[in-house]
Structures are given as structure tokens and as C-alpha cells.
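Visitor:
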Amino acid sequence: MREPIVSLLPAALLTLLLQAPPALAVEEILQAGSAVDPLALTVESGRLLRGESSDLQLPTPDGAIYSDLAAVGGREWVAAASYLDGDGTQRLMLVTGGEGEEIATLRSPPRQNGRLRQDAVLFVDGGRLVGMAWLEGDEISALEVRAARWTGRRFRGVHRVAAAAAGSQLALTGAVLADGSWLLAWTAFDGQDDEVFWTQRIGSRWSDPARVSPDNAVPDITPALALCGTGAVIAWSRYDGNDYRLEVARFRHGSWEEVEAGTEAGSLYPAFVSGPEDPPRVIYRVASSGAWQAMDFDTDGRPSRQAQVTGAPRQRPVVATSEG
């Protein structure tokens, strides 16, 4: 019998760094950096929030949507976005900078074959950008999963990780494990419902995509990955016939094992807000109350404690751990 989650995070540990202004009340926020010194980015308006430093406005060309934000060495960062060019083709854009006001763009992956490129996720290893995965195709319902490595100057070796599924593929999430391999997960429609799939890049080879959990007849949606020791943890929402509930699994020795999450009905939109050196912490929303909940994991990849993030806005809160 698994032990129930009984201990709560001390209130002093959870500090809201951002109270959303009314104009951004429902805009999604990306978070990166450490749990003590986080960065945050609004996905549509492209506003980078840097704690004690001044906010920075990132480029927002037509149709721009930011999909990932990563800290890369010190106070430097890189963000990935998609946008529409003059002929309506959706392209990828990477923006990088540091503590100052200067920003630069990086070359996007070559050989775009589809009309659409979107939902890019960054792979960072030891504070260095090493690669990126994204969705590509001509139709939303027929997108492939692709990836490429970053050499320090450009992207090379574009690889088709997963062919187009029976329907939509979306919600890419990824991480670089302690052994240097890349772990990638996403949702794909299998002809009946959405399932969470995963693959691992070891060396230069990607494994065949497989389900994180056994096939079922209910939707599994919005996965989020985080490092945990030498492995990883993943959280997503699964429909139980009445409500969505948070599901959790840990990745060890090349396979996934589901663990008890103990969350209430209506648990949605999980996102990890911990840095690569921090214990995993996931933030999710409870539909019935609109409250945001925080859940910590132990080093074994099991949920250890949880608490409500009090005073949080409708927008996903940026949460930091107080030092000491």
C-alpha cells in the first residue's frame, strides 16, 4: 500500500512573483530557470519577466506564439516561437539574450517541407542548448514530430521522430537526462482518443514512439516532463468518465511506471516550474475552484507533498521557492 500524501508545503515556500494585470488575465505563461530565481514569458504578448531585472519585450511578428523558454548558462536564456510569414507559412523563430536589453535571433532548422511548423520544445544539457523538437506538416490534423541538434551555430540533422498520426499531434514536452539522452513526449490521436506517447534519443537514434501508459478508451492530454535524479517524471490529465484527473509516471531504466498522484477531480494543465537542479515541482489547476495547486516529488519520482497556491490569478502563477 502506497503512503498517502499528507504533508503540505509550508506557506512561506510558495511566493507569487507575478500578479497578472487584467489584460493578461488568461494568457499562458512559460517558466524557466531555477525555483529560486525563475524567468517567465507570456506566450502571446512575448513579455519576458526577469525577477529583479526589468521586463523585456520579445519580438511578436504576425501570429507569434511562444512555446518554450529555457535558461542557458548564468542569466542567459533562449525562447522558441512560431509565427506567420508574408505568404501564410508558419515558421519557427528562436530568440536569445541575457540580463541586458540586447536580444538576438538564432537560425531555425533547415529544409522546411510543411506549410506549418509549431509547438517547438528546447533540449538543454548542462546549461547549453543542444537541440529542438517541433511539429511540422501541411494540415493541423497531419503533423509529424521532427527534431534537430544544435551545433552552437546552427541546427543540423533534421530527423522525423514520428510520422503523422490518425489525427492531431500536439503538446510536445522534452528533457535531457543525466546520461545525455533526449526524452520527448506528446499527445497523439490514435483513431479513438488522445494518448500520451514518448520516444528517447540515444546517440543519434530515436526509439520507436510508444505509449507512456497502457492503451485505454479515454483521452490522455497535456503532458509535462521534468528531470528527476537520473530519470524523469511526467504529469498529464486523464479523463475518468466524469472529470480529468492528474496522472503521474516516473521514467527509470528505459521504461515508465505510473505512480499514485492522489489529486482531486478536475485537475488540469500541469506544468513543471522547477529548474534542472531542483526537485520536481508541478503546478496544475483544479477546475471546480479555479485554484492552482503545487505538488513536489521526492528523488524517487513519487509525489511527496502538495498545497494550494493561495492568491493565484486565473493566469498560471510564477512560483518561486524562498531561499533558506
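Position in the sequence shown (first residue = 1) + 618 = this note's numbering.
Positions of the beta carbon are idealized from the N, C-alpha and C atoms, including for glycine.
Of the choices Glu-895, Ala-806, Gly-859 and Ile-901, whose alpha-carbon is the least far from that of Ala-879?
Guide: Closest option to Ala-879, Cα to Cα, is Ile-901.
Visitor: Leu-790 bridges to which residues according to DSSP?
Guide: DSSP output for Leu-790 lists no bridge partner at all.
Visitor: Using 7 Å as the cut-off, classify the Cβ of Ser-822 as near or not near the heavy atoms of the ligand GDP, replying yes or no.
Guide: This structure lacks the ligand GDP; in fact it carries no ligand of any kind.
Visitor: Could you tell me the boundaries of the beta strand (DSSP E) in which Ile-852 lies?
Guide: Counting along the chain, the beta strand (DSSP E) containing Ile-852 begins and ends at 849-857.
Visitor: DSSP three-state label for Ala-912, please.
Guide: Here Ala-912 sits in strand by DSSP.
Visitor: With Gly-919 and Val-851 assumed to form a contact (beta carbons below 8 Å), what rounded beta-carbon distance in angstroms separates them?
Guide: That pair is a contact at about 5 Å.
Visitor: Count the CB pairs spanning the stretch 714-723 and the stretch 770-781 that are closer than 8 Å, and state whether there are at least three.
Guide: In short, these stretches do not touch, since the Cβ pair count stays below three.
Visitor: If you compare alpha carbons, which of Gly-798, Ser-672, Asp-812 and Leu-740 is closest to Phe-773?
Guide: The option with the nearest alpha carbon to Phe-773 is Leu-740.
Visitor: Would Gly-664 be called buried (16 or more neighbouring beta carbons within 10 Å of its own) or exposed?
Guide: Gly-664 comes out buried.
Visitor: For Ala-870, list the residues DSSP reports as bridge partners.
Guide: A quick correction: the sequence has Arg, not Ala, at residue 870. Per DSSP, Ser-873.
Visitor: If you draw a straight line from the alpha carbon of Gly-821 to that of Ser-907, how long is it in whole angstroms?
Guide: Their backbone Cα atoms lie some 45 Å apart in a straight line.
Visitor: Give the secondary structure of Ala-781 by DSSP, where H, G and I count as helix, E and B as strand, and everything else as coil.
Guide: It is coil, neither helix nor strand.
Visitor: Does the distance from the CB of Ala-782 to the CB of Gly-745 come in under 8 Å?
Guide: No. Outside cutoff.
Visitor: Nearest to Leu-657 by CA position, among Arg-735, Val-696, Pro-837 and Asp-705, is which residue?
Guide: It is Val-696.
Visitor: Indicate the three-state DSSP secondary structure (helix, strand or coil) for Ser-759 in the structure shown.
Guide: The answer is helix: DSSP assigns Ser-759 an H, G or I state.
Visitor: Look up Pro-921 in the DSSP assignment and say whether it is helix, strand or coil.
Guide: Three-state result, Pro-921: strand.
Visitor: In its own chain, which residues sit with a C-beta less than 8 Å from the C-beta of Gly-681, not counting the 5 before and 5 after it?
Guide: If we look at Gly-681 and ignore the five residues flanking it on each side, its Cβ neighbours are Ser-700, Tyr-701, Leu-702 and Gln-708.
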